[in-house]
Structures are given as C-alpha cells and as structure tokens.
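With this note's numbering applied, the sequence shown corresponds to residues 33 to 266, in that order.
Here is the structure we will look at.
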Amino acid sequence: MNQEILITHAASVEARVEEREWPWAVANRERIAANWQRRKALKPKMFNGRVLALREMELNADKCRMVYSEMDYSDFVGWLDLPDRDTGVANGFAVGALQGSDGGFICGVMADHTANAGRVYFAAGTPDRSDVLPDGTVDLATSLTRELEEETGLATGYAVSDDWIVVRRWPAVALVRQVVVPEPADALAERIRANIVRQEEPELSDVRIVRGPADIDPKTMPQWLQTFFAWRFS
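Quick look at the structure:
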C-alpha cells in the first residue's frame, strides 16, 4: 500500500471484497492474541466480529477502485497496535464530513467505552459484513449514512455530495463525502448533544465544532483528519 500522503477528489468509488490469505496475521498469532486480551481488559465491551481491511487501491482518472478482504477484528486491532505493521494493508473507511449551513464542521468525541475513547473525528467506521452486497460490492455510501445515524441520530434532513474526497494518510484511507445540514453548526451541535443524552450507550460523549485551522487538535484528531482540515482550510 502506497504510504505517501494523498488528498484528491474522485467522482466515484468502487469497492469489492475478495477472500485472501493474510500471512502477517498467521505469523503474529500469539502477539495478536495477547494484544486482544490487553485491549479487552481495558475495554470489556469490545467484540471480536469480522471487519474489512483495504488490500488494494487504484486511482484512475476520477475513479477510485478498492479491494477489501475480511478478517477478525482482533487481527485488525493487532495490526493497528503492534509496531511492525504489514504495509500492504490499510484501514479504508467512508466518512461523512458533517457541516452546518454556516460552514462549521461537526466532529464527534468518542465515548469512554469505545476502542477510540476521547478521539475526535467525523462519523465513520471500519466496514464490515453488513456493508457487503450479494455480488461482493462493498457499499461504502450506505456505510457512511448508517454510521452518521448511529453516532449522531441524523437519519434525514441533510444533503450528501455526489463526489468523494480521498484522504490517504497511511495506515488510514478515508473516503470523505460532505454532508450539509440546513441549520447553523451551533444549533446542529446542540441537537446532536440532545440525542446523545437520550441514548442508553452512545458512541459519542460530545461534539466539537471546527471552523478553521485554530480548531485542529493534533492531540485528539487522527492524522488523516488533520490532513483533511489543513487541505480544506488552505
């Protein structure tokens, strides 16, 4: 997987899943198991389901083509945590860049019980089996809107851009679509906070409004998001 930083527009994204062996996971089975036990001790509600990891990405003109393979979440987390990552794999996910009518972006603060507690970013999630259609296509557009609803409570009342912004900052590849709500960012933030209070176990603990470079926080925001905002505000 190319590790150079890249940010570019793509008119469309095509993704599919293929069955593939992962020699790195086989070679590191004991270390992965120990890492999972460590993680579970810290976050007991973590579940070892099946997720999709990005194995290939090709940008051809305005189209981004991607190939995923399925793996245990424990393998995926081990790959993220262990120091000698397989450079042929990436975390490729769809992102809704939520924005109010006044231009302010709304990011979520991940709740304490989640694997990424305290981290700040747009609604997003590593794709899983539920995102795979019968023909093997990975439906990233639906993954985006599902994560947006799960995290913020927004199911309707917004406009999603047709094109994508591809942000490659390995080990992440974020496929970003702008999501605009016709109300100011402050009002939107309060509406999401009210939804968080109503949820029994919300994924978010709060939201932050990002209006310019001064709001970019290297301590809590992943590098791909810092890259996106630096590009967006340039």
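Ideal Cβ positions, reconstructed from N, Cα and C, are used throughout, including at glycine.
- Per DSSP, the beta bridge partners of R82 are D104.
- When only Cα atoms are considered, E88 and E46 end up about 12 angstroms apart.
- In the three-state scheme derived from DSSP, where H, G and I count as helix and E and B as strand, G140 is classed as strand.
- Between the alpha carbons of N80 and T259 lies a distance of about 30 angstroms.
- Secondary structure at I241: strand, using DSSP grouped into helix, strand and coil.
- Ranked by how close their Cα comes to the Cα of V211, the residues I37, G136 and L38 have G136 in first place.
- In the DSSP annotation of this structure, the continuous segment of the alpha helix (DSSP H) that includes V229 starts and ends at A217 to R230.
- For the pair V213 and P159, the CB atoms are not nearer than the 8 angstroms cut-off.
- Inclusion of A42 and I138 in the CB contact set at 8 angstroms is not warranted, their separation being larger than that value.
- In the DSSP assignment, I37 falls outside any alpha helix (DSSP H) and carries neither an H nor an E.
- Secondary structure at N92: strand, using DSSP grouped into helix, strand and coil.
- If you check the CB distance, L112 and P254 do not come in under 8 angstroms.
- Separation of the CB atoms of F125 and G157 is rounded to 6 angstroms, and the pair is thereby assigned contact status at 8 angstroms.
- By the C-beta density criterion, R63 is exposed, having fewer than 16 other C-beta atoms within 10 angstroms.
- When the alpha-carbon of A147 is set against those of A73, I39 and A59, the nearest one is in A73.
- Of the residues assessed, W256 falls on the buried side of the cut-off, its CB having 16 or more other CB atoms within 10 angstroms.
- Contact annotation: V199 and N123 have beta-carbon atoms that are not nearer than 8 angstroms.
- Residue pairing from DSSP places S44 in a beta bridge opposite K95.
- Taking C-beta atoms under 8 angstroms as the contact rule, V239 and G140 qualify, at a distance of about 5 angstroms.
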